[in-house]
Ligand SMILES: Cc1cc2nc3c(=O)[nH]c(=O)nc-3n(C[C@H](O)[C@H](O)[C@H](O)COP(=O)(O)OP(=O)(O)OC[C@H]3O[C@@H](n4cnc5c(N)ncnc54)[C@H](O)[C@@H]3O)c2cc1C
Ligand SMILES: [Fe+2]
Ligand SMILES: [Fe+2]
């Protein structure tokens, strides 16, 4: 059942384009963000914005790997749409007076490591890896975090923006799971070999090393904002539920690995996991700036809060 | 091959007029600007003539009554192909032909494409007729104005002007099998008849606008590369160029010098290789003039250089890798930023689409006032372009470097053959012909740049000359044997196409990338799968047995 018609999806994506200029960023309601919320919201938004941006880069890599032209074009749009989300979130930050002038907020160190990894290696990762990690990122970090925001912030403009963002996300997920299922087809044996091959790839290990702490950091962020972490976990379980609803999807070894990882992330009692990973979060905070990757790739500079340039 | 060589020698008498001295013109930009005004007028008139042609005062050419006696040959189009056909007819002693041209000047491609930076990307010595060499080319790759001068020179040197009917827009061709005559329907004029017809309306003569939402809402200036507006002042303007094909890479380096900001909207990057351009030194021109054989030798050398390129471009060979490496190195040298490089690197095999030749395109993209935008275009708004990243780009002017409508299926106007056949219907799923030039059921009709005649690696004019020779033989057959009709046999045509498609399947064009060479269903009705030498060999023989004929 779950398979979607990619041609129709592409047409729908094209027909559902929106722009920052469609939203009145100066409409009343900004004052609904409370003084108490403000500092935490600022940190949260900065991270969220960067996660969207990082997701965007993931789609750029997937467009390269797409097995057909339609999927390639869809990913090209999704790449742009994630950037649009980042832009819209930056516009919200601007509206709430959270930007330092026109400057894009600094990404946290975990994100900087992820950015670095994406920049160096994502184009070399097989679609199997990206096609599984990205939907996970989408659900856990992107989709779920967006809904949290709506629970805490009353500003109608924020709701307006996220209504559109979530609408886009629903299409991202639809395609994400479709691809998971697509990849479940075929010779399982080959799939496993390929998976093992990439797991042993040191570049991927580096990726995991930056992805895991990012998840934990966002969990901390969520708690700091006064939200139950269960919400984040519920979202991650959604990945397992939807991704695993067909045999093809379940057969995808990457789905297996990632959903299992998701389960571990959710289970706080997994000290073997959370101990070191939490330590990594704290450690990355301790990395002195001068040893952090200094070269910022130019794709990072494309974000803007301006509806018209 | 020998066939073509022979004909070259017989036709290589020096023409009456002297070839154009283009050096001076190139140095005087003022003069160039004046020249440019004419094509613009053409474009405007062309547009106007769509609606009001019948009301317009008839021009000189039109005052001539349509000949009571049908002409021997009618030619549609006065570009390189139509004029080349005319020259060959004239030299063969066939004088009663007419050229029907919808514009009001000759030159076709080079009359219409007068955008800044327009130039050929095949060396001029090869992008000219072998039977009318020009020793005066100022550059190895000449600019559009110089090429247009050369075309004007052809018209006067061979006395073609009296044959050309300007502002004669052909709207249909009908064959009368009883009389063995083609009738050209003309917009707002009496139809015209001839025993043979030559379609030389150009493969790239109808400007294409992309199908983007809201184009009509956009209030700023719109210019198509093939209908340049020389009155528009780009100084200090915010300009967008849509498209990154052959025209765009020539326009962008020129525009960037004038405008305030230039945004280049790219959908797919193309392979770009460096271009060995240099001014022709004076001693070189003197040599060519004194010793025409030396110029023929250079042409020959250029021809074979381009023939080797076929190995890289047409088939997947070690040379393909080599060409890709050359292009990658060119990119690496000229663009330092990793992300920009990534965005400019094609993900298809070189040759699958037209390979671009430029030294100044990449540097132009790196200029401070230029921005390469790879987000998909979502729509036009009143003030500019909205991209899918949610941002609106405010613009004063949008330049469409989006190419041409290439009829890969169907015909540019209705062509009706024997027994009520309509060619557009027959070609709906992809065009087919015999040796690119004749189609069964449509006797006495010759296509220049018909199906599967496209060069991917060599001068279009090399291919064109082979077609002209072939068409001339067909016309000779028709007139000398006093035939009513000469029609290629359907079986012969079918066999030809079967072989053709088999060979095409092995080429880079059919290797799975989308391009304007292919129809929606991936049928290649555009390119010739082989060396120019093979194409010339194919065209060198005219087998009477391939044709059905009927006497008059
Ligand atoms: C910008 C550009 C650069 C190019 N550079 C090169 C190059 O470097 N090397 C190369 O080999 N090729 C190049 N080409 C390809 C080029 O089109 C051919 O080389 C050649 O000029 C084609 O000549 P033509 O006479 O067949 O067509 P055209 O030059 O297009 O002439 C066709 C003529 O027919 C007229 N016409 C069309 N329809 C009708 C009608 N219904 N009724 C009456 N008249 C009509 C048109 O007005 C036009 O004058 C280039 C093309 C373009 C657009
Ligand atoms: Fe998003
Ligand atoms: Fe998303």
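Protein chains in written order, with this note's numbering: chain A, 260 to 568; chain B, 6 to 557.
The beta carbon of each residue, even a glycine, is placed where N, CA and C say it ideally should be.
Cβ proximity to chain A below 8 Å picks out nothing from the region 234-259 of chain B.
Bridge partners of residue 376 of chain B according to DSSP: B:268. For residue 312 of chain A, the CB stays at least 7 Å from every heavy atom of ligand 2. Flagged as an interface residue toward chain A: residue 383 of chain B, by a C-beta distance shorter than 8 Å. Using a cutoff of 7 Å, the CB of residue 338 of chain A does not count as near ligand 2, since none of the ligand's heavy atoms is closer than that.
Minimum Cα-Cα distance from residue 297 of chain B among the listed residues B:204, B:269 and B:140 corresponds to B:140. Of the heavy atoms belonging to ligand 2, none sits nearer than 7 Å to the Cβ of residue 562 of chain A. Residues of the region 340-361 of chain A with a Cβ closer than 7 Å to any Cβ of chain B, in chain order: 340, 342, 343, 346 and 347. If you check the CB distance, residue 420 of chain B and residue 531 of chain B do not come in under 8 Å. For residue 387 of chain B, the closest Cβ of chain A is not nearer than 8 Å. Ligand 1 has a heavy atom closer than 7 Å to the beta-carbon of residue 116 of chain B.
Across the set A:405, A:417, A:439 and A:319, the C-alpha of A:405 shows the shortest separation from the C-alpha of residue 428 of chain A. Under the three-pair Cβ rule at 8 Å, the region 175-193 of chain B does not count as touching the region 358-376 of chain B. Residue 86 of chain B and residue 92 of chain B have their C-alpha atoms roughly 10 Å apart. Take residue 325 of chain A, set aside five residues on each side of it, and the residues of its chain with a beta-carbon closer than 6 Å to its own are 331 and 334, in chain order. Non-local beta-carbon contacts of residue 266 of chain A in its own chain, meaning distances under 8 Å to residues more than five positions away in sequence, involve 329 in chain order.
For residue 424 of chain A, the distance from the CB to the nearest heavy atom of ligand 2 is below 7 Å.
The beta carbon of residue 256 of chain B sits closer than 7 Å to those of 120, 121, 122, 230, 246, 404 and 406, all from its chain and outside the five residues before and after it, given in chain order. Taking a beta-carbon distance threshold of 8 Å, residue 115 of chain B does not count as an interface residue toward chain A. The three-state reading of DSSP puts residue 181 of chain B in strand, counting E and B together. Between ligand 1 and residue 417 of chain B, a heavy atom-to-CB distance of less than 7 Å is present. Within the region 488-550 of chain B, the complete beta strand (DSSP E) segments at least 3 residues long are 488-493, listed from N- to C-terminus.
Listed along chain B is no residue with a C-beta nearer than 8 Å to that of residue 329 of chain A; the closest approach is about 11 Å. Take residue 303 of chain B, set aside five residues on each side of it, and the residues of its chain with a beta-carbon closer than 6 Å to its own are 130, in chain order.
Residues of the region 331-365 of chain B with a C-beta atom less than 8 Å from some C-beta of chain A are 342, 343, 344, 345, 347 and 352, listed in chain order. Residue B:521 holds the alpha-carbon nearest to the alpha-carbon of residue 461 of chain B among B:497, B:521 and B:415.
The Cβ atoms of residue 556 of chain A and residue 344 of chain B sit closer than 8 Å to each other. Taking a 10 Å sphere around the C-beta of residue 504 of chain B, we find fewer than 16 other C-beta atoms and assign the residue as exposed. It is roughly 8 Å from the alpha-carbon of residue 115 of chain B to the alpha-carbon of residue 84 of chain B. The beta-carbon of residue 371 of chain B is placed no less than 8 Å from the nearest beta-carbon of chain A. Not a single CB atom of chain A sits nearer than 8 Å to the CB of residue 109 of chain B. Between ligand 3 and residue 431 of chain A, a heavy atom-to-CB distance of less than 7 Å is present. Residue contact with chain B for residue 442 of chain A: absent (no Cβ-Cβ distance below 8 Å to any residue of chain B).
When beta bridges are read from the DSSP output, residue 144 of chain B appears opposite B:284. Considering only beta carbons, no part of the region 298-314 of chain A lies closer than 8 Å to chain B.
Contact annotation: in the region 389-402 of chain B, residues whose CB is within less than 9 Å of a CB in chain A are 389, 391, 392, 393, 394, 395, 396, 397, 398 and 399.
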